[in-house]
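Quick note: the sequence shown uses my numbering, first residue 8, plus one each step. Don't be surprised by glycine CBs; every beta carbon is placed ideally from N, CA and C. Below: the structure, in structure tokens.
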Amino acid sequence: MALELDGRRKELCDWLTANHIEPRDVPVRGDLAVDTVDGQRVIRYEAMLHSADGRLMLDDRGEDVAIERRTVPLLVEPPDWWEPYEKPTRATLLAAVERVRALHVRNPNSVTCEHCSERDYPDYSVPWPCPTIRALDEEQP
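Structure follows, in structure tokens:
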């Protein structure tokens, strides 16, 4: 089912403006969340940085738009349909990789991957390191 994005976009921009946030500064895939800090509800968001003449600034590498994390008081509640968005942190991603590694271990009695070979063993056994571990280790599966 298609969503009517124009109406939602306007509603989101109106909400940002009501909270003293310039909508053009907020990247489409930037972090945007409501949180509580020291008992006060706030909006945490990422903003694209502009030069004095209004041009987008580049990050230190000169590859992407420069981003600044900002926090402002929540003055107006978000629209009912809105959901917060936060990119996963490096720590979150590394923890996910470790969970995958914990599943895909070498069977101590064979040279197979415990997880990949568990269902139909011995008819279906996947040699260790399995394609998942090879992919994590940047080898071609």
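Exclusion of the five residues before and after Val-72 leaves Met-55, Leu-63 as the residues of its chain whose Cβ lies within less than 6 Å of its Cβ.
Note: Pro-134 is bridge-paired with Thr-119 in the DSSP secondary-structure output. Listed in chain order, the non-local C-beta contacts of Asp-144 below 8 Å within the same chain comprise Pro-136, local neighbours out to five positions each way being set aside. Contact check for Arg-106 against Ile-140 fails: the beta carbons are separated by 9 Å or more.
Using a C-beta cut-off of 8 Å, the stretch 84–92 makes contact with the stretch 20–38, since at least three inter-stretch Cβ pairs fall below that distance.
In the DSSP assignment, Thr-96 falls outside any alpha helix (DSSP H) and carries neither an H nor an E. Contact annotation: the stretch 42–54 touches the stretch 73–81, with at least three C-beta pairs closer than 8 Å.
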